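Protein chains in written order, with the working numbering: chain A, 1316 to 1592; chain B, 1316 to 1592.
Below: the structure, in structure tokens.
There are 2 protein chains.
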Amino acid sequence: MSELSRRELIVKAGAVALGAAVVQLGCGLRHKPNTEAGAVASGAADVQLGNVGPKASAAVDPKKWPWPYEKLDPAKTAEIAYNEWYRVYCGASVISSVFSQLAEKVGEPYKSFPVDGFFFLLGGIADWGTVCGTGAGANIVANLIVGPPTSGDHAGFTIGSNLMEYYGNTMMPVFVPKNPKIDPAKIVQTQSDSPLCHISLGKWMKASGFPKASAERKERCSRLAATMAYQLVKNLNAWKDGKYDENIKWDPAEEVGINAQQNCTDCHGSSVPTAKR
Amino acid sequence: MSELSRRELIVKAGAVALGAAVVQLGCGLRHKPNTEAGAVASGAADVQLGNVGPKASAAVDPKKWPWPYEKLDPAKTAEIAYNEWYRVYCGASVISSVFSQLAEKVGEPYKSFPVDGFFFLLGGIADWGTVCGTGAGANIVANLIVGPPTSGDHAGFTIGSNLMEYYGNTMMPVFVPKNPKIDPAKIVQTQSDSPLCHISLGKWMKASGFPKASAERKERCSRLAATMAYQLVKNLNAWKDGKYDENIKWDPAEEVGINAQQNCTDCHGSSVPTAKR
């Protein structure tokens, strides 16, 4: 896989053609199980939490990056996401799980951020089944905290992209809350091989036998939001420590010539079109 | 098609099961051309613009809805989106086209909104080919201005959802800027039948013969962002006038039992699974 370098992203930001250094790679299935899937609730042993209490916020400009960040406890964040799902669903619950804590620890710009306005991310954006709200929400958080690539640090963009990969390559859901509403034994894990709500949910519904309206399906999606919030904060903490691996794992524009997920054959079958370069 | 009523959305917001009033409908192709596709640059004859100059913004709470809105000129908005695309790409360009004008006319919360943080929406979220950034950006704008359904007005959610339908059922791009970078005769129109970047872009690349890295492809996507910005503002202006038709046009959870786009057979072929209810 290729690396999307800082320079390339800055060039991209200037909307300049990336040139012709194109590598024609196959578009195979990449079903490797994600070894980080063991990220279950495990306390906060490796997290140093910042001081509690909001700071003066007048000086914070939300259009300048990075936003002030203090390390969070992934498990606590996941618990919040799990509970918030039942209030504002997948996308907004991931945003809320991080921003609500930073509103308390840091203050602005988190305190004023309109988290509930992202309710519409549910069901792959207003139930259209496109990107899972947990992936969209995680991308929003990572990019708003670290900043867009145009700000000079592309770690937020990379964290977001790699969380899309994690989402598709992991048996979900992983995180188990302290007080689950449904017996975890009833919630089967499935791997979506896609960041799309429709495919992810469809595979789970088929494997579990539970309909969309069931309490079990809601438990699955709320625990999925919690799992993504856990991974998101783990990555943001690493970034804060200067330890986040900046390699981007999937660069479809370079590898297959079109924005895409990784498993072309899932929809195209054996006749995957070749994108003109 | 069914109507997602205010009551249903409020019930949904409470995460209560929608009950068993389920109608089993077919999942056919809905390729009707959108008759609103003639929305080209045509001036602002039907738009009454508000006063210019920011107002005092201290009293605005971005977590309360609706946000202050003044009617905008759709064609001017589309021109801004077209140009902003070449700076921050599809999703952020749609947000910028509306919020930059409202920052001038209204002030906060638009002035402080971190538009560039949504750069990552490009290419269907970090190039993964999921939801087109123009649809995501339009949903963000509609839901942040009007508010989420939980705020009591579901017009923002409905505008967003119906713009996803408009996106897929329209020969795109529609809007022609005053000074196009590429001769419009070179930019063919295609209908995606999907809100997904990968499918939308793939169909256009196939029909046009231009690769993703070409100036023509960029022109197509920037004009698509402009088209969506035009429609978005047209709808927001109608909402401001109390004239927006609140019927939601596609309610997949009710109609097919799973979050989905409308054309099941495109991926599933003749064996479309039936979702358990």
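Don't be surprised by glycine CBs; every beta carbon is placed ideally from N, CA and C.
Quantities reported herein were computed from a predicted structural model and do not represent experimental measurements.
Can you give me, in chain order, the residues of the region 1408–1430 of chain B that have a beta carbon less than 8 angstroms from any beta carbon in chain A? Pro1424, Ser1427, Phe1428, Pro1429 and Val1430
Give the residues from the region 1444–1456 of chain A that approach chain B closer than 9 angstroms (Cβ to any Cβ), ordered along the chain. Gly1444, Thr1445, Val1446, Cys1447, Gly1450, Ala1451, Asn1454 and Ile1455
With a CB to CB cut of under 6 angstroms and the five nearest residues on each side skipped, what residues in its chain are close to phenylalanine 1433 of chain A? One-based indexing of the first sequence puts residue 1433 of chain A at position 118. So the qualifying residues of the chain are Gly1406, Ala1407 and Ile1410.
Is isoleucine 1460 of chain B near tyrosine 1559 of chain B, with beta carbons less than 8 angstroms apart? Start at 1 with the first residue of the second sequence, and residue 1460 of chain B comes out as number 145. Start at 1 with the first residue of the second sequence, and residue 1559 of chain B comes out as number 244. Going by C-beta atoms, isoleucine 1460 of chain B is not nearer than 8 angstroms to tyrosine 1559 of chain B.
What are the boundary residues of the alpha helix (DSSP H) that glutamate 1570 of chain B is part of? Working through the second sequence from its first residue, we reach residue 1570 of chain B at position 255. Where glutamate 1570 of chain B is concerned, the enclosing alpha helix (DSSP H) stretches over 1567–1570.
Can you pull the chain A neighbours of methionine 1520 of chain B, defined as C-beta to C-beta under 8 angstroms? Sequence index remark: in the second sequence, residue 1520 of chain B carries index 205 (1-based). Going along chain A in sequence order, the residues near methionine 1520 of chain B (Cβ under 8 angstroms) are Ile1573, Ala1590 and Lys1591.
Does chain A have any CB closer than 8 angstroms to the CB of leucine 1611 of chain B? The structure shown does not extend to residue 1611 of chain B, since chain B spans only 1316 to 1592, so no value can be given for it.
Starting from glutamine 1546 of chain B, follow the alpha helix (DSSP H) in both directions and report where the run begins and ends. As a working note, residue 1546 of chain B is residue 231 in the second sequence. That run of the alpha helix (DSSP H) goes 1530–1555.
Starting from the C-beta of isoleucine 1474 of chain B, find all residues in its chain whose C-beta is less than 6 angstroms away, skip the five residues before and the five after it, and write them out in chain order. Here residue 1474 of chain B refers to the residue found at position 159 of the second sequence. Hits under 6 angstroms: Ala1457 and Asn1550.
Which residue wins for smallest C-alpha separation from alanine 1544 of chain B, given the options B:Ser1515, B:Gln1416 and B:Asn1574? Here residue 1544 of chain B is taken as the residue at index 229 of the second sequence, counted from 1. Of the candidates B:Ser1515, B:Gln1416 and B:Asn1574, the one whose C-alpha sits nearest the C-alpha of alanine 1544 of chain B is B:Gln1416.
Would you verify that the beta carbon of threonine 1465 of chain A is, or is not, closer than 8 angstroms to some beta carbon of chain B? By one-based count along the first sequence, residue 1465 of chain A stands at place 150. Yes, contact with chain B.
Please identify, using Cβ separations under 7 angstroms, the residues of the region 1500–1517 of chain B that lie next to chain A, in order along the chain. Pro1510, Leu1511, Cys1512, His1513, Leu1516 and Gly1517
First and last residue of the alpha helix (DSSP H) that includes serine 1523 of chain A? In the first sequence, the residue the question calls residue 1523 of chain A occupies position 208. Where serine 1523 of chain A is concerned, the enclosing alpha helix (DSSP H) stretches over 1512–1523.
Which of helix, strand or coil does DSSP assign to threonine 1505 of chain A? On the first sequence, residue 1505 of chain A is found 190 positions in, with the first residue counted as 1. In the structure shown, threonine 1505 of chain A sits in a strand (DSSP, three-state: E or B).
Nearest candidate by alpha-carbon position, reference alanine 1451 of chain B, set B:Pro1464, B:Gly1471 and B:Ser1466: As a first step, residue 1451 of chain B is located in the second sequence; it is residue number 136 there, counting from the start. Cα-wise, what sits closest to alanine 1451 of chain B is B:Gly1471.
I'd like to know whether the C-beta atoms of alanine 1541 of chain A and proline 1492 of chain A end up nearer to each other than 8 angstroms. The count along the first sequence starts at 1 and reaches residue 1541 of chain A at position 226. The count along the first sequence starts at 1 and reaches residue 1492 of chain A at position 177. Yes. Within cutoff.
Assigned secondary structure, valine 1446 of chain B (DSSP; H/G/I helix, E/B strand, else coil): If you number the second sequence from 1, residue 1446 of chain B lands on position 131. Three-state result, valine 1446 of chain B: strand.
Return the CA-CA distance between methionine 1479 of chain B and tryptophan 1443 of chain A, expressed in angstroms with no decimal places. The count along the second sequence starts at 1 and reaches residue 1479 of chain B at position 164. The count along the first sequence starts at 1 and reaches residue 1443 of chain A at position 128. Using only the alpha carbons, I get a separation of about 8 angstroms.
Using CA coordinates, which residue listed in B:Met1486, B:Lys1533 and B:Pro1464 is at the minimum distance from aspartate 1498 of chain B? Indexing the second sequence from 1 puts residue 1498 of chain B at position 183. The residue with the shortest Cα to Cα distance from aspartate 1498 of chain B is B:Lys1533.
What in chain B is Cβ-close to cysteine 1582 of chain A, meaning under 7 angstroms? The residue labelled residue 1582 of chain A in the question sits at position 267 within the first sequence. The contacting residues are Cys1582.
Would methionine 1486 of chain B be called buried (16 or more neighbouring beta carbons within 10 Å of its own) or exposed? Locating residue 1486 of chain B in the second sequence gives position 171, counting from the first residue. It counts as exposed.
Of the residues A:Lys1527, A:Cys1579 and A:Lys1420, the one placed nearest aspartate 1388 of chain A, counting alpha carbons only: Mapped onto the first sequence, residue 1388 of chain A falls at position 73. Closest by alpha carbon: A:Lys1420.
Counting only Cβ pairs nearer than 7 angstroms, list the residues of chain B close to alanine 1441 of chain A. One-based indexing of the first sequence puts residue 1441 of chain A at position 126. Within 7 angstroms Cβ-Cβ: Asn1454, Phe1472, Gly1475, Ser1476 and Met1479.
Look at the Cβ atom of glutamate 1570 of chain A, then the Cβ atom of histidine 1469 of chain A, and state whether they are nearer than 8 angstroms. In the first sequence, residue 1570 of chain A corresponds to position 255, counting from 1. In the first sequence, residue 1469 of chain A corresponds to position 154, counting from 1. Against a cut-off of 8 angstroms, the Cβ pair of histidine 1469 of chain A and glutamate 1570 of chain A comes out as no contact.
Proline 1567 of chain A CB to nearest chain B CB: under 8 angstroms? For the purposes of this step, residue 1567 of chain A is taken as residue 252 along the first sequence, with counting starting at 1. Proline 1567 of chain A counts as touching chain B.
Quick check on threonine 1479 of chain A: does DSSP put it in helix, strand or coil? Walking along the first sequence from the start, residue 1479 of chain A turns up at place 164. The sequence given here has methionine at residue 1479 of chain A, not threonine. The answer is helix: DSSP assigns methionine 1479 of chain A an H, G or I state.
Can you give the Cα-Cα distance for proline 1488 of chain B and threonine 1505 of chain B, rounded to whole angstroms? Taking the second sequence and counting its residues from 1, one reaches residue 1488 of chain B at position 173. Taking the second sequence and counting its residues from 1, one reaches residue 1505 of chain B at position 190. When rounded, the distance between both Cα atoms is 8 angstroms.
Through-space distance from aspartate 1431 of chain B to proline 1463 of chain A, alpha-carbon basis: By one-based count along the first sequence, residue 1463 of chain A stands at place 148. By one-based count along the second sequence, residue 1431 of chain B stands at place 116. Taking the straight line from one Cα to the other gives about 7 angstroms.
Look at the Cβ atom of proline 1510 of chain A, then the Cβ atom of glycine 1467 of chain A, and state whether they are nearer than 8 angstroms. The residue you call residue 1510 of chain A lines up with position 195 of the first sequence. The residue you call residue 1467 of chain A lines up with position 152 of the first sequence. No, these two residues do not count as a Cβ contact at 8 angstroms.
Pull up the CB-CB distance for valine 1446 of chain B and threonine 1449 of chain A, whole angstroms please, since I reckon it's below 8 angstroms. Along the second sequence, one-based indexing puts residue 1446 of chain B at 131. Along the first sequence, one-based indexing puts residue 1449 of chain A at 134. Contact flag wrong, Cβ pair sits at about 14 angstroms.
Enclosing alpha helix (DSSP H) for phenylalanine 1435 of chain B [first to last residue]: Locating residue 1435 of chain B in the second sequence gives position 120, counting from the first residue. Looking at the DSSP string, phenylalanine 1435 of chain B is not in any alpha helix (DSSP H), and its letter there is neither H nor E.
Give me the Cα-Cα distance between alanine 1453 of chain A and serine 1412 of chain A, rounded to the nearest whole angstrom. For this step, residue 1453 of chain A is matched to residue 138 along the first sequence. For this step, residue 1412 of chain A is matched to residue 97 along the first sequence. One C-alpha to the other measures close to 10 angstroms.
Whole-angstrom C-beta distance between serine 1427 of chain A and proline 1381 of chain B, which should lie under 8 angstroms: Position 66 of the second sequence holds residue 1381 of chain B. Position 112 of the first sequence holds residue 1427 of chain A. That belief does not hold up - the Cβ atoms of proline 1381 of chain B and serine 1427 of chain A are roughly 16 angstroms apart, past 8 angstroms.
Along the alpha helix (DSSP H) that carries serine 1408 of chain B, what are the first and last residues, could you check? Along the second sequence, one-based indexing puts residue 1408 of chain B at 93. 1389–1420 is the span of the alpha helix (DSSP H), which, as asked, contains serine 1408 of chain B.
Contact set between proline 1381 of chain B and chain A, taken where Cβ atoms lie within less than 9 angstroms: Locating residue 1381 of chain B in the second sequence gives position 66, where the first residue counts as 1. By Cβ distance, chain A contributes nothing, its closest Cβ being about 11 angstroms from proline 1381 of chain B, past 9 angstroms.
Whole-Å CB distance - lysine 1564 of chain B paired with asparagine 1477 of chain B, under 8 angstroms assumed: By 1-based counting over the second sequence, the position of residue 1564 of chain B is 249. By 1-based counting over the second sequence, the position of residue 1477 of chain B is 162. About 5 angstroms; that satisfies the 8 angstroms criterion.
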